[in-house]
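What follows is a short report on a single structure.
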Amino acid sequence: MSNELIFGIHALDALLETHPEQILEVWLLKGRDDERLNGLQARLLAVGVKAQLASRSALDNKAKGGQHQGVVAKVKAQPVLNEADLDQLLSAQATPLLLVLDGVTDPHNLGACLRTADAAGVHGVIVPKDNSASLGPVVRKVACGAAEVVPLFQVTNLSRTLRSLQDKGVWVVGTAGEADHSLYQAKLSGALALVMGSEDKGMRRLTREHCDELVSIPMGGSVSSLNVSVATGVCLFEMVRQRS
């Protein structure tokens, strides 16, 4: 298994909660004395990891300019989940709630979508292997711990995966501005997969054709669309409302 760097207090906290054995080395900002970092240091010691102190410039270099909050860690990379893992999840969940991101390439948006998915109780997030952001330090930082608890599945062929979901009784709902009815007119209960398109172009044609239903978000202002993570939140929580 390869190693990777993560940064940010939330990301490391989440890993301490879920997989402390994956933490190999930690660097904390030298000279910073506050409750959050001191608490983090104590939790690290409790699992046998002694953090090293480092200058801000050293942490900046390790984080390649990312907002590290005075914390950088070297960790064992999590295994990439695939179609076989997704099948296992589906066999364990009678009424899954899934999020499918078609071509979301900005790691900040992927991280924000993971955070929203965790808040909504999503069982898994599905992305294509190509033309998509993947798990990395920026995604983990923006996700504020959600990347460690929400399974992310990378699939080779998104259209084939959507067909497979439909064969297993999952209703696939895509979002499109030109849909003939809104999110609030749709019946959204049972096993569901919400499909969100890319930041600029929306869903690809083949992805759209593999949706059971298309819905739109009613827009009342002058802007024509929402950021993908905001739109994801709007749609997911309407699904949560109807499912409950």
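Using the working numbering, you'd call the opening residue of the sequence shown number 28 and step up by one each time. Even for Gly, the Cβ is constructed at its ideal location relative to N, Cα and C. All of these numbers come straight from a predicted model, not from anything done at the bench.
Query                                                                                                     : Result
Thr45 - DSSP class collapsed to helix/strand/coil                                                         : helix
DSSP three-state assignment for Gln115, whether helix, strand or coil                                     : helix
Local Cβ density within 10 Å of His95, reported as buried at 16 or more and exposed below that            : buried
Beta strand (DSSP E) segments (min. 3 residues) lying fully within the stretch 128-160                    : 151-155
Cβ-Cβ distance between Ala85 and Asn30 below 8 Å                                                          : no
Classification of Phe264 by the beta-carbon crowding that lies within 10 angstroms, buried from 16 upward : exposed
Beta-carbon spacing of Leu221, Leu117 below 8 Å                                                           : no
Residue burial classification, Ala90 (beta-carbon count within 10 angstroms, cutoff 16)                   : buried
Three-state secondary structure assigned by DSSP to Leu185                                                : helix
Residue from Val165, Leu42 and Ala147 with nearest C-alpha to Ser271                                      : Ala147
Anticipated Cβ contact below 8 Å, Val177 with Thr45, distance rounded                                     : About 11 Å; that fails the 8 Å criterion.
Closest residue to Val15 among Pro134, Gln181 and Lys168 (Cα-Cα distance)                                 : The structure shown has nothing for residue 15, since the chain only spans 28 to 271.
Beta-carbon proximity list for Ile36, same chain, < 7 Å, skipping 5 on both sides                         : Arg63, Leu67, Gln96 and Val98
Neighbour-count burial assignment, Asp145, 16 or more Cβ in a 10 Å radius                                 : buried
Boundaries (first-last residue) of the alpha helix (DSSP H) holding Lys77                                 : Neither: Lys77 is in no alpha helix (DSSP H) and is coded neither H nor E.
Selected residue, minimal CA-CA separation from Ser243, among Asp87, Leu210 and Asn136                    : Leu210
Burial state of His208, where buried means 16 or more other Cβ atoms lie within 10 Å                      : exposed
Glu205 - DSSP class collapsed to helix/strand/coil                                                        : coil
The beta strand (DSSP E) enclosing Val98, as first and last residue numbers                               : Val98 to Lys103
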